[in-house]
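Engineer: Protein chains in written order, with my numbering: chain A, 1 to 148; chain B, 1001 to 1667.
After the structure tokens below, expect a handful of questions from me.
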């Protein structure tokens, strides 16, 4: 990691921390509900060593997609801490949010492998075409085979 | 030998039959005429047109060629001579192919039966009336046509009965004087190789007639038991009549006549016109002086020389010993002191000086040239003597064909005929012979199969059949007959190595062509070592096939197509190779050599293929580089796949978030 990236990440972390602190102070129930529902994504964000948070980002997006409904419900109901605790303790809500994040994690892990398989297949086809062309030249012209 | 699948041996095609000679004469090989051919086998011949009867065909020998110049001269109706009527190939005894000379059959038996030791002596009157006068008339008629006979001897003279005049036998089926015993030729012809005696002059025929008359007058040949060398030596030492007649007594007038007929100098012999009146001829005086005899003999190569003529003969027999005697000064001293001929010794100084100036001490060629010049100066009548053999310059061609003597090519290489003519002949003749000698040397020294001794041999002998073993004995004299004969020979016996042309065939073609094939013969300079030998052969034979319209040559084409396979493999493109192989097979099946050459010898396509080959190599290299680059980019591809996969996952998450937001907004 270069110094610039480290500094950028450091300032990002500081801002995130400041934002989280401000959120906990100004909207405690929202922070509580969001923190519980997005706990896997936030954990992954904290632990993901890649600069782009390649693993955490899809988890966060999917977690937010699942948490958006309960948060809107919280804000519609007045936004008390008790309501936040109730929604956070609701197992279907919690299961949906955490399940979405788990699915996102799975997709983030599997997608590169699938893409790599596709790319490898494409490359294999190209090399096979080239080798066939070379074989044709060898047969037609007696070009010596390539040195191994 | 492998048989056919059925186990039976395939039947070889019969040897081709020859058309009648000159379109009309047919040789009957089953009816020989013993003794009629003057030493050569002869058979009854028939004229298909019926105009002539009583003909014979004389079989020639492969090494002793018929006289091309005489056979090419229209002789008309020469009386007293079995004139040649035609010549050509035919099948003689046991179906053997040979070259025949057709002429009238003799009117009766030979004067001297073969193997007879003696006969009843002829009277002087009979000799004059039945032999000398009619033969002189025939010789005069031949002289007027520029011809000589050169085969006058008792075994080759015929007469119908005891009162009939003598007829000269066939003398056209061999080189001049080829079969003449040494005694029946002047010593300067007899000492030559039998094939190198040259056309000579009518004076040589007069000499032979004189010896024949001597033999008939005596009824025996006193010299019969002597070897030819001894006869020549005796004639040179004692003169013709004294040497040949020995102690025998001859009638006075006949002795005078024979003395002038057997004079050493041809210019002293009576011309045939004069011989028609024998008494006048006998009274002719011989104007030459006898050579100066030395007080003591000079021995050269075992021969005791008593005068300049016998010294010349001794040097001619043993030129190495002769050169030693000349260079040591012994000959000069002997000529000055013992022979008392200072002027001759002075004349010998010039060639000696040239020998010392032009070559080193051990130069055998220079010694041979010195001997040649010395012989020519010592005896102005002597023939060209080189390395122990003697020939007349106009007999060199037939000598090359008849004798496998290594001296003959050396003689040509040293331009000995030019050196000989410079000392002997008139200036114009010497200039002509010098040019001829240079041209012959150039042919001899030309590299490869289109030059050398074989080319020279064929060039100098227009009737010499091709001696290639590939032809299996076929008589091929004309270039037009070569390709059909070769096709027939190859059809009978296919060459195992695929080589249809050999050195003899190429030399024969080179000698018989008119210059148009020179460019095709040039590649044969290195023999058949070239990898394109089959193509070269196909190109040459294809040109002959077209020039002589020989028709299809499937056997030759098949052999050449097989032999050309390595050349076909030189095409790099497999598809082109296959296409050319198919076209070659089609052309070979059709026996079309020119079409085969067009397939094999295709310079435009060769050039195009060379460019295509370069392109193919470049394309292969580009492919190799591309594959290597793709394989080398594997790590980058993994990183790309990882990043792309994560972005896809993030995109999916973002899409879910957007969908969820929309759902919340819509309630």
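Each residue gets a CB set at the ideal place from its N, CA and C atoms; glycine is no exception.
Here the structure is a predicted model, which means the values were calculated and not measured.
1. Given that residue 1613 of chain B touches chain A, what residues does it touch there, using C-beta distances under 7 Å?
2. For residue 1373 of chain B, which of helix, strand or coil comes out of DSSP?
3. Specify the secondary structure class of residue 1396 of chain B as computed by DSSP and reduced to three states.
4. For residue 1056 of chain B, is the classification buried or exposed, using 16 other Cβ atoms within 10 angstroms of its Cβ as the cut-off for buried?
5. At what residue ranges does the segment 1240-1267 of chain B contain a whole run of the beta strand (DSSP E), taking only runs of 3 or more?
6. Indicate whether at least one CB of chain B lies closer than 9 Å to the CB of residue 81 of chain A.
7. On the premise that residue 1553 of chain B lies in contact with residue 1483 of chain B, defined as a C-beta separation below 8 Å, what is that separation, rounded to the nearest angstrom?
8. Buried or exposed for residue 1163 of chain B, going by 16 or more other Cβ atoms inside 10 Å?
9. Would you say residue 1660 of chain B reaches chain A, if we count a Cβ-Cβ gap shorter than 9 Å as a contact?
10. Give me the chain B residues within the contact set of residue 151 of chain A, using Cβ-Cβ distance strictly less than 7 Å, ordered along the chain.
11. How far does the beta strand (DSSP E) with residue 1147 of chain B in it reach, from first residue to last?
12. Flag this pair as yes or no: are the beta carbons of residue 1092 of chain B and residue 1041 of chain B separated by less than 9 Å?
13. Let me see if you follow: with CB-CB separation under 9 Å, is residue 64 of chain A close to chain B or not?
14. Do we get a CB-CB distance below 9 Å when we pair residue 1624 of chain B with the residues of chain A?
15. Residues of chain A with CB closer than 9 Å to the CB of residue 1573 of chain B, please, in chain order.
16. Applying the 10 Å Cβ sphere with the 16-neighbour rule, what's the burial state of residue 1088 of chain B?
17. Does residue 1640 of chain B come within less than 9 Å of chain A when only Cβ atoms are used?
18. If we count Cβ pairs, one from each stretch, closer than 8 Å, do we get three or more for the segment 1173-1185 of chain B versus the segment 1144-1158 of chain B?
19. Any idea if residue 135 of chain A is buried or exposed, counting beta-carbon neighbours within 10 angstroms, 16 or more meaning buried?
20. Mind checking whether residue 1544 of chain B and residue 1517 of chain B have CB atoms under 9 Å apart?
21. Check the Cβ-Cβ distances between residue 74 of chain A and every residue of chain B, and say whether any is below 9 Å.
22. Tell me which residues share the same chain as residue 1513 of chain B and place their Cβ nearer than 7 Å to its Cβ, disregarding the 5 neighbours each side in the sequence.
23. Taking the straight line between their C-alpha atoms, what separation do you get for residue 1354 of chain B and residue 1453 of chain B?
24. Give the straight-line distance between the Cα atoms of residue 992 of chain B and residue 1084 of chain B, rounded to the nearest whole angstrom.
25. Who are the near neighbours of residue 1541 of chain B in its chain, counting only those whose CB is closer than 7 Å to its CB and skipping five residues on each side?
26. I'd like to know whether the C-beta atoms of residue 1272 of chain B and residue 1206 of chain B end up nearer to each other than 9 Å.
27. Does chain A have any CB closer than 9 Å to the CB of residue 1637 of chain B?
28. According to DSSP, is residue 1030 of chain B part of a helix, a strand, or is it coil?
29. Check whether the Cβ atoms of residue 29 of chain A and residue 79 of chain A lie closer than 9 Å to each other.
30. Please decide whether residue 113 of chain A counts as near chain B, where near means a Cβ-Cβ distance under 9 Å.
31. Check residue 1004 of chain B in the structure and name its three-state DSSP category.
32. What residues of chain A sit near residue 1616 of chain B, judged by a beta carbon separation below 8 Å?
33. Mind checking which residues open and close the alpha helix (DSSP H) that includes residue 1112 of chain B?
34. Based on Cα-Cα distance, which residue from B/1335, B/1214, B/1338 and B/1299 lies nearest to residue 1319 of chain B?
35. Using a Cβ cut-off of 9 Å (strictly closer), state whether residue 1 of chain A contacts chain B.
36. My understanding is that residue 1258 of chain B touches residue 1214 of chain B, with C-beta atoms under 8 Å, so please give their C-beta distance in whole angstroms.
Structural biologist: Well, looking at it:
1. Result: 141.
2. Here residue 1373 of chain B sits in helix by DSSP.
3. Of the three classes helix, strand and coil, the one that applies to residue 1396 of chain B here is helix, per DSSP.
4. Residue 1056 of chain B is buried by the Cβ-count criterion.
5. Here no run is fully enclosed.
6. Chain B contact via Cβ: absent.
7. The beta-carbon distance between residue 1483 of chain B and residue 1553 of chain B, rounded to whole angstroms, is 7 Å. This is short enough to meet the 8 Å contact definition.
8. Flag for residue 1163 of chain B reads exposed.
9. Contact with chain A is found for residue 1660 of chain B, since one of that chain's Cβ atoms lies less than 9 Å from the residue's Cβ.
10. Residue 151 of chain A is absent from the structure shown; chain A starts at 1 and stops at 148.
11. No beta strand (DSSP E) holds residue 1147 of chain B; DSSP gives it neither H nor E.
12. Yes, they are a contact pair.
13. Against chain B, the CB of residue 64 of chain A has a partner CB under 9 Å away; the residue lies at that interface.
14. Under the 9 Å criterion on CB atoms, residue 1624 of chain B is classed as interfacial with respect to chain A.
15. For residue 1573 of chain B, the residues of chain A that pass the 9 Å Cβ criterion are 140, 141 and 142, in the order they occur in the chain.
16. It counts as buried.
17. Closer than 9 Å to some Cβ of chain A, the Cβ of residue 1640 of chain B qualifies, so yes.
18. Under the Cβ criterion (8 Å, minimum of three pairs), the segment 1173-1185 of chain B counts as touching the segment 1144-1158 of chain B.
19. Under a 10 Å Cβ-count criterion, residue 135 of chain A is classified as exposed, with fewer than 16 other Cβ atoms of the shown protein chains found around its own Cβ.
20. Cβ distance < 9 Å, so residue 1544 of chain B and residue 1517 of chain B count as in contact.
21. Closer than 9 Å: no.
22. Once the five neighbours on either side are set aside, the close Cβ partners of residue 1513 of chain B are 1479.
23. Taking C-alpha positions only, residue 1354 of chain B is separated from residue 1453 of chain B by approximately 28 Å.
24. Chain B is shown from 1001 up to 1667; residue 992 of chain B falls before or after that span and cannot be answered.
25. Counting only Cβ-Cβ distances below 7 Å, and skipping sequence neighbours, we find 1483, 1556 and 1593.
26. For residue 1272 of chain B and residue 1206 of chain B, yes; Cβs fall inside 9 Å.
27. Judged by the 9 Å Cβ criterion, residue 1637 of chain B is in contact with chain A.
28. Looking at residue 1030 of chain B - three-state DSSP - the assignment turns out to be strand.
29. Yes, these two residues count as a Cβ contact at 9 Å.
30. Yes - at least one Cβ of chain B is within 9 Å of the one on residue 113 of chain A.
31. In this prediction, residue 1004 of chain B has a pLDDT of 36, which is less than 50 and means its spatial position is unreliable; what the coordinates show is noted afterwards. If DSSP states are grouped into helix, strand and coil, residue 1004 of chain B belongs with coil.
32. Result: 137, 140, 141 and 143.
33. No alpha helix (DSSP H) contains residue 1112 of chain B, which DSSP labels as neither H nor E.
34. The shortest C-alpha separation from residue 1319 of chain B is found at B/1299.
35. For residue 1 of chain A, the predicted structure reports a pLDDT of 44, less than 50, and the residue's modelled location is therefore unreliable. The matter cannot be settled from this model.
36. Confirmed, about 6 Å.
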